[in-house]
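>
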């Protein structure tokens with residue numbers, strides 16, 4: 001299974017792609033951070049994030065996108081901008097015909113370290129150990145994205161829409177097969193199918209010049 005984990009944020013948006021085999025062995029495919037210019041208006045910063053995520057999806061062809069939900073007790077402004085970045089990530093996943101899963105910070109910490117209250121340093125150390133890296137990826141947003149991806153591959157929970165419209169066939173050890181939802185309009189369904197097909201074939205999105 002190939003998972004794209006995203007640690008959403010408007011200043012730094014962590015992205016990490018991992019492959020996990022049926023025996024739960026994880027390997028690093030890609031890790032990075034989409035950075036935005038704080039001097040830009042919010043809509044242009046979100047556009048930068050959108051383009052960055054779309055590029056990662058097109059380049060590495062993940063089977064599912066996993067996100068971390070912001071902690072409710074964080075600064076309200078921080079939560080608001082994080083939710084905006086989450087929405088952008090969800091839209092790019094939808095355009096590619098990919099399922100989306102969402103996890104809480106405590107779920108991610110528990111999955112990779114066994115402790116839902118683990119520190120950032122502990123999570124980073126475990127991510128490096130799980131992926132066989134010499135040292136944790138930096139900045140922390142990058143390591144968090146990998147932790148989110150590992151959590152999804154190992155747990156397979158939190159998938160939006162599963163159990164509601166039956167649009168996902170999920171096999172944690174064998175990958176994810178997606179079907180375009182019956183709740184989409186015909187136009188939305190056709191667009192999602194075309195996006196998924198172009199991603200598989202390497203065709204360029206005609207909207208992206």
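In full-length UniProt numbering, the protein residues as written are 1 to 209. Backbone N, C-alpha and C fix where the C-beta goes; we use that ideal spot for every residue, glycine too. These numbers come from a predicted model, not from an experiment.
#1: Which first and last residues belong to the alpha helix (DSSP H) in which residue 28 is found?
#2: Quickly, what does DSSP pair residue 39 with across the bridge? List them, please.
#3: Which residues mark the beginning and the end of the beta strand (DSSP E) in which residue 10 is found?
#4: Which class does residue 131 belong to by DSSP, given the choice of helix, strand or coil?
#5: Excluding the 5 residues flanking residue 69 on each side, which residues of the same chain have their C-beta closer than 8 Å to its C-beta?
#6: Go to residue 118, then tell me how far its alpha helix (DSSP H) extends in each direction, as first and last residue.
#7: In or out: residue 40 buried (at least 16 other Cβ within 10 Å) or exposed?
#8: Where does residue 98 fall in DSSP's three states?
#9: Hey, out of 9, 143, 161, whose CA is closest to residue 38's CA?
#10: Take the Cβ of residue 21 as the centre, count every other Cβ of all protein chains shown within 10 Å, and call the residue buried at 16 or more, exposed below.
#11: Pull up the CB-CB distance for residue 149 and residue 17, whole angstroms please, since I reckon it's below 8 Å.
#12: Could you check which residue in 118, 54, 24 has the C-alpha nearest to that of residue 13?
#13: Return the CA-CA distance between residue 60 and residue 29, expressed in angstroms with no decimal places.
#14: Grab me the residues of residue 83's own chain with a C-beta within less than 7 Å of its C-beta, minus the 5 sequence neighbours each way, in chain order.
#15: Looking only at C-alpha atoms, which of 97, 67, 95, 96 sits nearest to residue 153?
#16: Per DSSP, what kind of secondary structure is residue 5 in: helix, strand or coil?
#17: Specify the secondary structure class of residue 166 as computed by DSSP and reduced to three states.
#18: Assuming residue 142 and residue 34 are in contact, meaning their beta carbons sit under 8 Å apart, how far apart are those beta carbons, in whole angstroms?
Short version:
#1: Taken as a continuous stretch (DSSP letters only), residue 28 belongs to no alpha helix (DSSP H), being part of the beta strand (DSSP E) at 26-35.
#2: Paired residues: none, contrary to the question.
#3: First-last for residue 10: undefined, no H or E at that position.
#4: helix
#5: 86, 102, 103, 104, 105
#6: It is not in any alpha helix (DSSP H) - residue 118 carries neither H nor E in the DSSP assignment.
#7: exposed
#8: coil
#9: 9
#10: exposed
#11: 7 Å
#12: 54
#13: 8 Å
#14: 70
#15: 67
#16: strand
#17: Note that residue 166 scores 38 on pLDDT, short of 50, meaning its location in the model is unreliable and no value can be drawn from it.
#18: With 8 Å as the limit, residue 142 and residue 34 do not qualify as a contact, their Cβ atoms being about 10 Å apart.
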